[in-house]
Ligand SMILES: Nc1ncnc2c1ncn2[C@@H]1O[C@H](COP(=O)(O)OP(=O)(O)O)[C@@H](O)[C@H]1O
Ligand SMILES: [Mg+2]
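Residue numbers (our numbering): 59 to 340.
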């Protein structure tokens, strides 16, 4: 079963350059020859993948109100690796939850792929998250009794693909993250870095345009963390996905295309990395 066939179009992003899309051909994923250049942007895709405007989020409790976000504005282009940096409590998780439609803002708008997700009902949000967004969390979030392959397969169960197509897709995804040999291992049989690779494969299962990662290396040692950040960069380059990663990790700050610094719910700096990016391998 090839994913080039027209009967599984959901796994093939029309905007991706098919020569570089590791979701499309098996041969390319087998060699994992990551592209080092920026992916070409589809001519139809002039709208930014994410645009937030005057975004605020107040948490109201009986005792007091916490203004977690105090008016955030930014636009994020496709195919970028963006770091959101800020000390604990600065609002990173609140921001990522709003970008992924997991929470509603108090005021302001969040546009994902041109659509204001703050006015969507829950069923539209479920569909948006399933089709366009992949999530990765600090604590990996794998289901302990399921194998690596079964964990990756979960999002695919909601697609209309056959069992054979899903198995092939899972195999490709696990190879993409360098875990082709570990598909039958359960999470406790994997290292932390391997578990986060499985979580990345799962996040990419439906070919999302946007990957949201909340401190994905927070539980990993620095060397393993660096390999996860390099993998995320490789996925951004090869898949054309846009990644927004909340982190303090210098490994990401070094390789990100852009660093958005937040403090107490406000953007205090927004810096593009002008350096030519060089892959350092895994
Ligand atoms: N569910 C909640 N209820 C009340 N306050 C919250 C809630 N979630 C987060 N906060 C507060 O909002 C602020 C931002 O939190 P958060 O977005 O988790 O920051 P970060 O991810 O940068 O550590 C903090 O002051 C935090 O205590
Ligand atoms: Mg957080």
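By construction, the Cβ of each residue, glycine as well, lies at the ideal position given by its N, Cα and C atoms.
Residue 271 versus residue 147: straight-line alpha-carbon distance, rounded: Numbered from 1 along the chain shown, position 213 holds the residue referred to as residue 271. Numbered from 1 along the chain shown, position 89 holds the residue referred to as residue 147. Roughly 17 Å separates the two Cα atoms.
Residue range of the alpha helix (DSSP H) that includes residue 282: Walking along the chain shown from the start, residue 282 turns up at place 224. 280-297 is the extent of the alpha helix (DSSP H) around residue 282.
Residue range of the beta strand (DSSP E) that includes residue 167: Stepping through the chain shown from its first residue, residue 167 is reached at position 109. Here the beta strand (DSSP E) through residue 167 covers 165-170.
Residues bridged to residue 141 [DSSP beta-bridge criterion]: Residue mapping note: residue 141 aligns to position 83 of the chain shown, counting from 1. Partner(s): 303, 317.
For residue 290 and residue 94, the rounded distance between their alpha carbons: Residue mapping note: residue 94 aligns to position 36 of the chain shown, counting from 1. Residue mapping note: residue 290 aligns to position 232 of the chain shown, counting from 1. At residue 94, the pLDDT of 30 sits below 50, so the modelled position is not reliable and the matter cannot be decided from this model.
Which of helix, strand or coil DSSP assigns to residue 250: Translated into positions along the chain shown, residue 250 becomes position 192. Helix, per DSSP.
Neighbourhood of residue 299 by C-beta distance below 8 Å, restricted to the same chain and skipping five residues each side: By one-based count along the chain shown, residue 299 stands at place 241. So the qualifying residues of the chain are 137, 192, 262, 266, 267, 268, 269, 293.
DSSP state of residue 129 mapped onto helix, strand, coil: For the purposes of this step, residue 129 is identified with residue 71 of the chain shown, where counting begins at 1. Residue 129 falls in the strand class under three-state DSSP.
Residue 144: CB within 7 Å of a non-hydrogen atom of ligand 1: Mapped onto the chain shown, residue 144 falls at position 86. Checking the Cβ of residue 144 against ligand 1 gives yes.
Per-residue DSSP class, three states only, for residue 59: What you label residue 59 is simply residue 1 of the chain shown in a count that begins at 1. Because residue 59 sits at a pLDDT of 37, beneath the cut-off of 50, its placement in the model cannot be relied upon, and the following sentence gives the value as read from the coordinates. The answer is coil: DSSP assigns residue 59 none of H, G, I, E or B.
Residue 325: CB within 7 Å of a non-hydrogen atom of ligand 1: Taking the chain shown and counting its residues from 1, the one referred to as residue 325 is at position 267. No - ligand 1 has no heavy atom lying nearer than 7 Å to the Cβ of residue 325.
Test item: CB-CB of residue 330 and residue 316 under 8 Å: Along the chain shown, read from residue 1 onward, the residue named residue 330 stands at position 272. Along the chain shown, read from residue 1 onward, the residue named residue 316 stands at position 258. Yes.
Nearest to residue 114 (by Cα), restricted to the options 284, 107, 124: Here residue 114 refers to the residue found at position 56 of the chain shown. Nearest of 284, 107, 124 to residue 114, Cα basis: 124.
Burial state of residue 241 (16 or more Cβ within 10 Å): Along the chain shown, one-based indexing puts residue 241 at 183. So residue 241 counts as buried.
Residue range of the alpha helix (DSSP H) that includes residue 234: By one-based count along the chain shown, residue 234 stands at place 176. Residues 221-234.
Top-ranked residue by Cα proximity to residue 195, from 120, 251, 312: Here the question's residue 195 lines up with position 137 in the chain shown. When each option's Cα is compared against that of residue 195, the closest is 251.
Environment of residue 220 [buried if 16+ CB atoms lie within 10 Å]: Along the chain shown, one-based indexing puts residue 220 at 162. Per the 10 Å Cβ criterion, exposed.
Pairwise C-alpha distance: residue 214 and residue 183: Here residue 183 refers to the residue found at position 125 when the chain shown is read from its first residue. Here residue 214 refers to the residue found at position 156 when the chain shown is read from its first residue. Rounded to whole angstroms, residue 183 to residue 214 spans 17 Å at the Cα level.
Close-in-space but distant-in-sequence residues of the same chain around residue 314 (CB under 8 Å, 5 per side omitted): Residue mapping note: residue 314 aligns to position 256 of the chain shown, counting from 1. Excluding sequence neighbours, residue 314 sits near 139, 140, 141, 303, 331.
Inter-residue spacing [alpha-carbon to alpha-carbon] between residue 319 and residue 172: Position 261 of the chain shown holds residue 319. Position 114 of the chain shown holds residue 172. Approximately 24 Å, taken between the alpha carbons.
Residue 272 in three-state terms, based on DSSP: In the chain shown, the residue the question calls residue 272 occupies position 214. In the structure shown, residue 272 sits in a strand (DSSP, three-state: E or B).
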